[in-house]
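> Below: one structure in structure tokens.
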Amino acid sequence: MIKKIFFTLIVAFMFCKATCQNIATVPESIKTSKKVMNDFMDKRFGMFIHWGPVTLRGKDISWSRGGEIPTADYDSLYKEFDPVLFNADDWVKTARDAGMKYLTITAKHHDGFCLWPSKYSRHTIAYTPYKKDIIGALAKSCKKFGIKFCIYYSVLDWFNPDYPLHSPNDKAEDPKANMPRYITYMKNQLKELITNYDPYMMWFDGAWESPWTNEMAVDMYAYLKSLKKDLIINNRLGKEIAGVENKDIDVSKMIGDYDTPEQTVGRMNMNTPWESCITICTNWSWVPNDKIKSLQQCIRTLASTAGGNGNLLLNVSPMMDGRMEARQVNRLKEMGEWLKENGRAIYDTKGGPYKPNDLFSTTRKNNKIYVSVKTDTTLLSLKPLPQKKIIKAYFLNGKEVSFLQDSSRILIKFPTGLPDKNCTEIVLELDSDAEDIPVIE
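Using the working numbering, read the sequence shown as starting at 9 and increasing by one per residue.
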């Protein structure tokens, strides 16, 4: 108890000091350790799940509230929500079979609906016809199948009267709202989630609106760390993110442990951890006949994220009855089959040394460089490796590949073409460590 009080006082002092200097920063002493973050980045591939009562209308989650779906109708959908075919083991096994190492579920999106029976709200799964705890079931199943369990929680909440804005179109804040009381509500719910379900990571979103400040984010980060020291927290608790613009962020302003580019492969970065969140279809939640990405596109996206030293959080969208669409499950299974053969080039590697492009991307580990060839070609030309020599080249299955190297270039030849039209993996064995090579543009 004394240790916890001391920790709280230190955090409070450092937060006050930062605030007085008009700098919203997280104290170094409570940031997530490099060891924990390295373990996270080694996983490379995770499942994102956006799901809730809005699937009854087949529209995108939260954003259709007050637009395609009248607000009163949207906010009443939970009274009909009865996903009787939901099976946590089916979802988690789908993630495992896809080669995914962690799973992130939208416990509360911007619409304020909670997939767990929070005692601080009546807008929860407990008040639906279904009643059962979705978050609890997934947490238990993830533990059973060895998948890291992660929780998404929206900072903004258009349903809660204490949050000052009540739709994405609101310009003026509600004078009857009470932001301090809303923050207390957030802390109570987050304590519930961390205490009851012990997540590996908290994935925040919705910090862009004006009622939420970076100072609030720093305070919330410290609070979460007081509940669980090694909890990983993404940077959407604060306002400095790559986001859909995929901008080059100022890391000194980032509040959180890693960056989150959206619907695009992030910029190559060997210093700051990052994770691209991308949908397997086009919408975040289930929409009938939504266009699904090809297997080639999915595999090449995964190879490109790993090549840029990032993770891929691929979003699936279950239907109203609790099932994942067969076509989405099948696409994930196909990715899993590819990873069974090629996972060594993805998991537990560093990105680079070559910067990813449309033709190829690379990862590396020890004295090996893995080249993900993303084009149908018989010849691949690479820039030379500084002070390194290739001693052997071969397909990941072991069959040798011919190559030439000199001071100006490396030529890798495929006279009979590439065996995998989706993405072929080539191994280059070097005469020394590949991990110390600077990034090659």
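The beta-carbon is built from N, C-alpha and C at its ideal position, and this holds for glycine as well.
What is the DSSP secondary structure of Y362, reduced to helix, strand or coil?
strand
> I believe N375 touches A442 by the beta-carbon criterion, under 8 Å. Please report the beta-carbon distance rounded to the nearest angstrom.
Sure, about 6 Å apart at Cβ, within 8 Å.
> Quick check on S84: does DSSP put it in helix, strand or coil?
Secondary structure at S84: helix, using DSSP grouped into helix, strand and coil.
> When the Cα atoms are used, what is the spatial distance from W521 to N319?
What the structure shows of the chain is the stretch from 9 to 449, and residue 521 is not part of that stretch, so it cannot be assessed.
> Do K247 and W216 have their C-beta atoms closer together than 8 Å?
yes
> Just to confirm my understanding: we take L390, look at its own chain, exclude 5 residues before and 5 after, and list those with CB closer than 6 Å. What are they?
I418
> Are the segment 346–357 and the segment 50–61 in contact at 8 Å, needing three or more beta carbon pairs?
yes
> How many angstroms separate the CA atom of C306 from the CA atom of V34?
Here the C-alpha atom of C306 lies approximately 35 Å from the C-alpha atom of V34.
> Any idea if K42 is buried or exposed, counting beta-carbon neighbours within 10 angstroms, 16 or more meaning buried?
exposed
> By DSSP, does K116 sit in helix, in strand, or in coil?
strand
> Under 8 Å between the Cβ atoms of K156 and Y208?
yes
> Determine, using beta carbons only, whether G344 and D105 come nearer to each other than 8 Å.
yes
> Taking only three categories from DSSP, how would you classify P269?
strand
> Quickly, what does DSSP pair V381 with across the bridge? List them, please.
F368 and T432
> Whole angstroms are fine: how far does the CA of T386 sit from the CA of P219?
56 Å
> Taking 7 Å as the limit between beta carbons, can you name the residues of its chain near A145, skipping five residues before and five after?
A96
> Whether or not the segment 399–414 and the segment 363–372 are in contact is what I'm after, with contact meaning three or more pairs of Cβ atoms, one per stretch, closer than 8 Å; do they touch?
no
> Which whole-angstrom value is the C-beta distance of Q271 and T287, which I expect to be below 8 Å?
7 Å
> Short check: CB of V324 to CB of I57, under 8 Å?
yes
> Select from L173, A314, Y231 and S284 the residue whose C-alpha is nearest the C-alpha of L322.
S284
> Could you pull the start and end residues of the alpha helix (DSSP H) that C158 belongs to?
Element bounds for C158: not the alpha helix (DSSP H) but the beta strand (DSSP E), K156 to S162.
> What do you get for G406, buried or exposed, if any count of 16 or more other CB atoms within 10 angstroms of its CB means buried?
Exposed.
> Here's the rule I'm using: 16 or more other beta-carbon atoms within 10 Å means buried, otherwise exposed. How should V259 be labelled?
Result: exposed.
> Which same chain residues end up closer than 8 Å to P361 when comparing Cβ atoms and leaving out the 5 residues on each side of it in sequence?
T370, R372, I377, L393, A442, I445, P446, V447 and I448
> Indicate whether I249 and T221 have their beta-carbon atoms separated by less than 8 Å.
no
> Taking 6 Å as the limit between beta carbons, can you name the residues of its chain near V163, skipping five residues before and five after?
F212, G214, A215 and W220
> Using a threshold of 8 Å, state whether the C-beta atoms of K363 and M276 are closer than that.
yes
> Work out the CA separation of P296 and L456 for me, nearest whole Å.
The question about residue 456 has no answer, for the chain in this structure spans 9 to 449.
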